[in-house]
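In what follows, a single structure is set out as structure tokens and then discussed.
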Amino acid sequence: MKTNSYSYTKEGNDPLFTFLTKHGLEYYVSFKKMDLENENFNSLYAIDFGELNNKKFIKDDLIENTIIEIIFDFFTSYPDSLLHYVCDSIDNKQLFRSKLFDKWYSKSDNKEFSKLEINYEIPEEEIHYKLEFIFKNEFHNIEIVKQHIKTQLDDFSSMK
Numbered sequence: 058m059k060t061n062s063y064s065y066t067k068e069g070n071d072p073l074f075t076f077l078t079k080h081g082l083e084y085y086v087s088f089k090k091m092d093l094e095n096e097n098f099n100s101l102y103a104i105d106f107g108e109l110n111n112k113k114f115i116k117d118d119l120i121e122n123t124i125i126e127i128i129f130d131f132f133t134s135y136p137d138s139l140l141h142y143v144c145d146s147i148d149n150k151q152l153f154r155s156k157l158f159d160k161w162y163s164k165s166d167n168k169e170f171s172k173l174e175i176n177y178e179i180p181e182e183e184i185h186y187k188l189e190f191i192f193k194n195e196f197h198n199i200e201i202v203k204q205h206i207k208t209q210l211d212d213f214s215s216m217k
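Using this note's numbering, you'd call the opening residue of the sequence shown number 58 and step up by one each time.
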């Protein structure tokens with residue numbers, strides 16, 4: 058999918074992409090391979106993105122378009138990936154992050170991809186997490202993924 062977007066460069070082994078906006082702001086989009094020592098998550102990648110200059114956000118649709126294009130390109134290179142995004146309530150920006158993830162999904166061919174959202178709360182920490190996963194149906198079944206995630210979260214909870 059090609060859109061009106063900024064040109065970007067790829068760096069490093071864990072895919073890291075950077076781009077510069079017309080306002081001089083530098084953004085990154087990173088995909089970190091997660092190692093959970095669980096064979097059900099061998100292809101799990103966490104996505105993160107943000108602005109590197111710590112300047113005030115300037116409304117620019119090309120930023121969103123570029124991030125979406127990078128995500129599509131990631132799935133072209135890593136088609137069997139389970140892409141994971143955490144929207145937490147620590148900095149109160151979880152809704153913005155979640156909306157961008159939702160927008161990317163809505164622009165995808167929904168027959169090709171599935172999206173799974175799981176709300177997770179750690180009462181002792183008073184932090185609410187919205188865990189989101191996107192993956193290609195060709196490689197993953199949503200019900201099986203949901204069960205694997207629930208089992209993994211139960212394992213994490215029992216370690217505390």
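Ideal placement from N, C-alpha and C gives every residue a C-beta, glycine not left out.
{"Asked": "Cβ pair S62, L119 closer than 9 Å", "Found": "yes"}
{"Asked": "Delimiting residues of the beta strand (DSSP E) encompassing T123", "Found": "Per DSSP, T123 belongs to no beta strand (DSSP E); it is in the alpha helix (DSSP H), 118-134."}
{"Asked": "Run of the beta strand (DSSP E) containing I115, from where it starts to where it stops", "Found": "First-last for I115: undefined, no H or E at that position."}
{"Asked": "Between the CA atoms of I124 and V86 - distance to the nearest angstrom", "Found": "7 Å"}
{"Asked": "Pick from D130, D105, D117 that is closest to Y65, judged by C-alpha positions", "Found": "D130"}
{"Asked": "Among E68, L140, S134, nearest to F170 - alpha-carbon criterion", "Found": "L140"}
{"Asked": "Span of the beta strand (DSSP E) around D105", "Found": "101-108"}
{"Asked": "Cβ neighbour criterion (16 or more within 10 Å) applied to S134", "Found": "exposed"}
{"Asked": "E183 at chain D interface by Cβ criterion, 9 Å", "Found": "Looking at the structure shown, chain D is missing, and only one protein chain is on hand."}
{"Asked": "Identified DSSP bridge partners for S87", "Found": "L73, D105"}
{"Asked": "Distance between E200 and D137 (C-alpha atoms, nearest Å)", "Found": "16 Å"}
{"Asked": "Assigned exposure category for I115 - 16 Cβ within 10 Å defines buried", "Found": "exposed"}
{"Asked": "Environment of L93 [buried if 16+ CB atoms lie within 10 Å]", "Found": "exposed"}
{"Asked": "Integer Cβ distance of E121 from L157, believed to fall under 8 Å", "Found": "6 Å"}
{"Asked": "Assigned secondary structure, E178 (DSSP; H/G/I helix, E/B strand, else coil)", "Found": "strand"}
{"Asked": "Cα-Cα separation, K67 to Y142", "Found": "20 Å"}
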